[in-house]
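Since the structure comes first, as structure tokens, the remarks are kept for the end.
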Amino acid sequence: VYVRKDMRGKELQKIFPALGTINTITLYESFAPEIAEQVKKRVLDLHRRFSLFEQGSDIFRINEQAGIITVPVHPDTFFVLSHALDYGWETQGAFDITSGAASRLWRDAIRSAQIPSESDIAGCRSLSGLTDLILDKADGTAFLRRNGQQIDLGGIAKGYAADEAVRILKKYKVHNALINFGGTVIAIGREQKMGIQNPFQKNGESMADVMVKNKAVVTSGSYERGFFFEGIRYHHIIDPRTGRPADSELLSVTLIGDSAMELDALATGICVLGEEKGLPLLEKRGIEAVFISNDGEVRITRGLQRDFF
Ligand code: ADP
Ligand code: MG
């Protein structure tokens with residue numbers, strides 16, 4: 159999602175790259191640059207712990223030591239890893255942070271617009287497995303059982319960071335703010351109009367709008383990154399069961415709820431799992447949703463009717 163009408167007027171905005179995206183913190187009325195700075199600092203810390211690519215990050219070390227030795231990790235990392243596993247089980251393995259090898263394979267494929275070989279796909283697919291990530295709470299360590307296995311927090315990290323940003327803002331009694339971490343958005347205080355990207359149009363063209371207040375909104379979309387080959391679209395949301403881009407008939411899943419981390423993981427998972435299997439998970443947790451399917455049809459959950467147009 160993106161913010162349709164960022165209420166102008168007195169505001170302070172901080173924009174910076176982290177977590178593989180562009181992040182924006184907007185504070186209204188209260189001009190407290192040092193609070194925005196604290197939030198930014200926190201997000202950069204999380205980036206340094208979660209990054210796949212930065213040598214020495216917790217995730218980098220877990221991956222580097224896969225099949226070799228347990229790795230002590232920061233409590234932030236431990237928290238996200240253990241919740242990610244929970245979401246994994248809850249989505250029947252559709253959301254799977256241990257599918258990092260397959261994610262990397264397809265990330266490279268998208269970059270070069272070339273389909274990987276069948277043997278590479280099969281090899282990467284066999285490397286995912288929720289039971290292979292061993293978390294030891296008492297020791298604060300993580301361990302991947304098998305050589306070559308890879309954790310990838312790309313489907314959940316922005317959500318956790320957004321929740322943390324809100325926690326800090328609340329601590330400082332900031333009542334009006336907007337967090338936008340690469341389309342993972344939380345509106346605090348005032349109501350905001352969010353545009354749901356039209357998957358068939360260029361960025362910034364909305365298919366529908368939702369009004370959001372004191373809620374998080376997260377979109378996961380297969381239309382975002384990918385390429386076409388012989389009429390088939392290949393993209394960055396991977397079905398861990400096949401080791402290939404998900405094919406659930408959904409182009410995008412937008413979720414509205416309280417925890418951005420939960421929404422982030424479930425949005426990615428439901429892109430894989432599909433609408434029918436996803437709905438019961440959302441109902442149970444009081445999460446509203448907008449689904450856009452391959453044929454451009456838009457469906458919303460009942461609780462959203464008043465705020466959707
Ligand atoms: P984005 O906003 O970057 O599109 P998403 O929340 O949709 O993020 O997650 C996509 C990212 O999550 C991928 O780039 C990859 O790093 C990772 N990923 C892909 N497939 C899965 C999956 N089935 N389970 C968990 N993580 C995944
Ligand atoms: Mg996600």
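One point on numbering: in this note's numbering, the residue at position 56 of the sequence shown is 214, and numbering is uninterrupted.
Where a beta carbon is used, it is the ideal one built from N, C-alpha and C, also for glycine.
Contact between the region 242-256 and the region 423-434 is established, with three or more Cβ pairs separated by less than 8 Å. At least one heavy atom of ligand 2 falls within 7 Å of the beta-carbon of residue 426.
Contact check for residue 449 against residue 443 fails: the beta carbons are separated by 8 Å or more. A direct Cα-to-Cα measurement between residue 387 and residue 222 gives close to 33 Å.
The region 362-432 is shown to contain whole alpha helix (DSSP H) runs of 4 or more residues at 418-431, in chain order.
Across the structure, residue 394 and residue 206 are spaced so that their CA atoms are roughly 22 Å apart. Buried is the label assigned to residue 398, since at least 16 other Cβ atoms lie within 10 Å of its Cβ. With a cut-off of 8 Å on Cβ pairs, the region 352-359 is in contact with the region 398-411, counting three or more such pairs.
The C-beta separation of residue 334 from residue 346 comes to about 6 Å, placing the pair in contact by the 8 Å criterion. If you look at residue 324, you'll find it in the alpha helix (DSSP H) that goes 315-329.
Closest in alpha carbon position to residue 200, among 160, 306 and 315, is 315. Residue side-chain check: residue 257 places its Cβ nearer than 7 Å to a non-hydrogen atom of ligand 1. A distance below 6 Å between beta-carbons, with the five flanking residues on each side excluded, links residue 274 to the following residues of its chain, in chain order: 263 and 267.
With a cut-off of 7 Å, the C-beta of residue 416 is classified as distant from ligand 2, since no heavy atom of the ligand falls inside that distance.
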